[in-house]
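K.L.:
First to last, the sequence lines map onto chains W and E.
125 is the number of the first residue of the first sequence in the numbering used here; add one for each residue after it.
41 is the number of the first residue of the second sequence in the numbering used here; add one for each residue after it.
Okay, handing you the structure first.
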Amino acid sequence: MAGSVQFNLVSPERRLASFPATEVQIPGAMGDMTAMEGHAPTITTLRPGVLRVAGAEGTKAYVVTGGFAEITATGISVLAEQAVPVEELTSATLDALVADVNAAAAITADKDTADKTASDLAALREAVGL
Amino acid sequence: MPSLKDLKNRIGSVKNTRKITKAMQMVAAAKLRRAQEAAEAARPFAERMTAVMSALAAGVGTGEGAPKLLAGNGRDQVHLLVVMTSERGLCGGFNSSIVKLARLRAAELVAQGKTVKIMTVGKKGREQLKRDWAQAFVGHVDLSDVKRVGYANAQGVARQVMAAFDGDEADVVTIFYNRFQSVIAQIPTMQQIIPAKFEGNAATSLYDYEPSEEAILADLLPRSVATQIFTALLENGASEQGARMSAMDNATRNAGDMINKLTIQYNRSRQASITKELIEIISGAEAL
């Protein structure tokens, strides 16, 4: 069994989770990545997707939208603009989330990024099965 | 000299006022606790955000090709002041102190020949600024229906601000709010958010960046603006309740003093009228 790292999930409004985890699967902007103990220090931005954390009490999954993750050898902090545990996610909250992300993308991003966001969101919807 | 009945009514009304201010003080105390908790809960995010942004900003620098939100758009002509105040009054000098700072800054900028635009958050500041700066108003964010300020509110403000910046309607954006220090001290603060300023510790970045540093910076800068606004809104919320609490505490104490004074006056004049009546009776009896 691999050693554990301190996992923190923080949203602007509060700290959502903080516990030791063995592995964390992060929806990075360049693709999913799994971080474990001893990972090279990395900062990556997030795309909308599912964050999976394996800890002592099984795997927890969160739906996150933009933000970034900071990975060091001993700790992983995910700073997500919005984060919702998958089991608490209803299709209404998902719709609100999607609308919000789309609104943000429409303002700031060029067409490529907006398209990418849209496909990310479609994939996200499929992944959580709502 | 007011009559006895007048005094009695007066005492009754001051007592009512005292009850109200006392109740407001207690409500403010409860709200203050909640506001402080919210500010506390938001701190980890803001701190990590600032730390990472400083490292990134120091790494990328403000040279050619740096994101506009960081380096500015090369001009310094139009200043957008975002003045954050409360939606309700009765909170002492809370709103006036922010407005005063904003006014000073605006006057200073105008004296330097700059253009000033003002966006207000919260209606109290708008009312106070309306007198001299109504022509500079470019927007207003109404939070009077919002019970608890959420990140979404801050995002809304941030979007308006960034739209103004992107549309070349503003070159420099500054926010004004009260930083919460304690219940009796709130510090009016002026903070420039665009172009972003970070306390530059040019710590050599030990991190791998994915995608590139520049891309991350470009992605995070708008979020950082929203985060700073959110922090300011929360600080402002706590400050407002703190200011209201101490204002209401003062009012309650003042009402108590006033009741004491009026009661003494009431007793004296009652005594005087009794004495007067006695003298009248006695002198009437002696005359017989």
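All C-beta atoms, glycine included, are put in the ideal place defined by N, C-alpha and C.
Treat the numbers as computed from the prediction; the structure is a model and nothing was measured.
1) Got a sec? Which residues, its chain only, sit under 8 angstroms from E:LEU47 by beta carbon, not counting five neighbours each side?
2) Using a beta-carbon distance below 8 angstroms, is E:ALA82 in contact with chain W?
3) With a threshold of 8 angstroms on Cβ separation, who are the neighbours of W:ARG171 within its own chain once the five nearest residues in sequence on each side are excluded?
4) For a test of the three-state rule: what should DSSP assign to W:MET125, helix, strand or coil?
5) Quick one: give me the first and last residue of the alpha helix (DSSP H) that E:GLN281 is part of.
6) For E:GLN76 versus E:ALA278, is the C-beta spacing smaller than 8 angstroms?
7) When DSSP labels each residue in this structure, what does E:GLU127 get in the three-state scheme?
8) Taking E:LYS170 as part of the alpha helix (DSSP H), name the residues at either end of that continuous run.
9) Taking only beta carbons into account, state which residues of the segment 259 to 286 of chain E come closer than 7 angstroms to chain W, listed in chain order.
10) Below 8 angstroms on the Cβ atoms is my contact criterion, and I expect E:THR229 with E:THR61 to pass it. Report the Cβ-Cβ distance as a whole number of Å.
11) Using DSSP with H/G/I as helix, E/B as strand and the rest coil, what is W:GLU194?
12) Could you check what DSSP says for E:TYR247 in three-state terms: helix, strand or coil?
13) Pull out every residue of the segment 179 to 196 of chain E whose Cβ sits closer than 7 angstroms to any Cβ of chain W, in chain order.
14) Here's the rule I'm using: 16 or more other beta-carbon atoms within 10 Å means buried, otherwise exposed. How should E:THR271 be labelled?
15) With E:PRO262 and E:ALA198 assumed to form a contact (beta carbons below 8 angstroms), what rounded beta-carbon distance in angstroms separates them?
16) Alpha carbons only, please: which of W:MET160, W:VAL129, W:GLU212 and W:PRO136 is nearest the one belonging to E:GLN195?
17) Buried or exposed for W:ILE195, please, with buried defined as at least 16 other CB atoms from any protein chain shown within 10 angstroms of its CB.
18) Should E:SER43 be labelled buried (16 or more other beta-carbon atoms within 10 Å of its own) or exposed?
19) So W:ALA185 and W:LEU175 are in contact, right, with Cβ under 8 angstroms, and what is the actual spacing, rounded?
20) Please confirm if E:ASP208 has its CB atom under 8 angstroms from at least one CB of chain W.
21) Judging by CA-CA distance, which residue of E:ALA325, E:GLY296 and E:SER323 is the nearest neighbour of E:VAL17?
22) Could you pull the start and end residues of the beta strand (DSSP E) that E:ILE215 belongs to?
23) State the beta-bridge partners of W:LEU133 as determined by DSSP.
24) Measuring straight from C-alpha to C-alpha, what distance separates E:GLY324 and E:GLU317?
25) With burial defined as no fewer than 16 other Cβ atoms inside 10 Å of the residue's Cβ, what is the status of E:PRO235: buried or exposed?
26) Please state the DSSP three-state secondary structure of E:ILE60.
27) Would DSSP call W:GLU250 helix, strand or coil?
28) Does DSSP put E:ASP116 in a helix, a strand or coil?
29) Looking only at its chain, what residues have a beta carbon closer than 7 angstroms to the beta carbon of E:GLY179, apart from the 5 residues adjacent to it on each side?
P.N.:
The answer reads as follows:
1) Here residue 47 of chain E refers to the residue found at position 7 of the second sequence. Cβ neighbours of E:LEU47 beyond the five flanking positions: LEU302, GLN305, TYR306 and SER309.
2) In the second sequence, the residue the question calls residue 82 of chain E occupies position 42. E:ALA82 counts as touching chain W.
3) To locate residue 171 of chain W, count along the first sequence from 1; it is residue 47. Answer for W:ARG171: PRO151, GLY152, ALA153, GLY190, LYS240, THR241 and ASP244, listed in chain order.
4) For the purposes of this step, residue 125 of chain W is taken as residue 1 along the first sequence, with counting starting at 1. Confidence at W:MET125 is low in this model, with a pLDDT of 49, below 50, so its placement is unreliable and the value that follows should be read with caution. Of the three classes helix, strand and coil, the one that applies to W:MET125 here is coil, per DSSP.
5) Counting from one through the second sequence, the residue named residue 281 of chain E turns up at place 241. Per DSSP, E:GLN281 belongs to the alpha helix (DSSP H) from 253 to 327.
6) Locating residue 76 of chain E in the second sequence gives position 36, counting from the first residue. Locating residue 278 of chain E in the second sequence gives position 238, counting from the first residue. Going by C-beta atoms, E:GLN76 is nearer than 8 angstroms to E:ALA278.
7) Taking the first residue of the second sequence as position 1, residue 127 of chain E is located at position 87. Coil at E:GLU127, not helix or strand.
8) As a working mapping, residue 170 of chain E is identified with position 130 in the second sequence. Counting along the chain, the alpha helix (DSSP H) containing E:LYS170 begins and ends at 163 to 173.
9) ASP259, LEU260, PRO262, ARG263, THR267 and PHE270
10) Taking the first residue of the second sequence as 1, we reach residue 229 of chain E at position 189. Taking the first residue of the second sequence as 1, we reach residue 61 of chain E at position 21. In fact, because the Cβ distance is near 28 angstroms, the residues do not count as touching under 8 angstroms.
11) Here residue 194 of chain W refers to the residue found at position 70 when the first sequence is read from its first residue. Three-state DSSP puts W:GLU194 in a strand.
12) One-based indexing of the second sequence puts residue 247 of chain E at position 207. DSSP places E:TYR247 in coil when its eight states are reduced to three.
13) GLY190 and TYR191
14) As a working mapping, residue 271 of chain E is identified with position 231 in the second sequence. It counts as buried.
15) Indexing the second sequence from 1 puts residue 262 of chain E at position 222. Indexing the second sequence from 1 puts residue 198 of chain E at position 158. About 7 angstroms; that satisfies the 8 angstroms criterion.
16) As a first step, residue 195 of chain E must be located in the second sequence, where it is residue number 155. Here the closest residue by C-alpha is W:PRO136.
17) Numbered from its first residue, the first sequence carries residue 195 of chain W at position 71. Per the 10 Å Cβ criterion, buried.
18) Along the second sequence, read from residue 1 onward, the residue named residue 43 of chain E stands at position 3. Burial call: exposed.
19) In the first sequence, counting from the first residue as 1, residue 185 of chain W sits at position 61. In the first sequence, counting from the first residue as 1, residue 175 of chain W sits at position 51. So it is a contact: roughly 7 angstroms between Cβ atoms.
20) Within the second sequence, the letter at position 168 stands for residue 208 of chain E. Not closer than 8 angstroms to any Cβ of chain W, the Cβ of E:ASP208 fails to qualify, so no.
21) Absent from the structure is residue 17 of chain E, since the part of chain E shown begins at 41 and ends at 328.
22) Translated into positions along the second sequence, residue 215 of chain E becomes position 175. Residues 212 to 220.
23) Taking the first sequence and counting its residues from 1, one reaches residue 133 of chain W at position 9. Beta-bridge pairing links W:LEU133 to W:ALA141 and W:VAL202.
24) On the second sequence, position 284 is the one that residue 324 of chain E refers to. On the second sequence, position 277 is the one that residue 317 of chain E refers to. Distance between the alpha carbons of E:GLY324 and E:GLU317: 10 angstroms.
25) Walking along the second sequence from the start, residue 235 of chain E turns up at place 195. E:PRO235 comes out buried.
26) Translated into positions along the second sequence, residue 60 of chain E becomes position 20. Note: E:ILE60 maps to helix in three-state DSSP.
27) On the first sequence, position 126 is the one that residue 250 of chain W refers to. Residue state, collapsed to three classes: helix.
28) To locate residue 116 of chain E, count along the second sequence from 1; it is residue 76. E:ASP116 falls in the coil class under three-state DSSP.
29) For the purposes of this step, residue 179 of chain E is taken as the residue at position 139 of the second sequence. Cβ within range, chain order: MET159 and GLN200.
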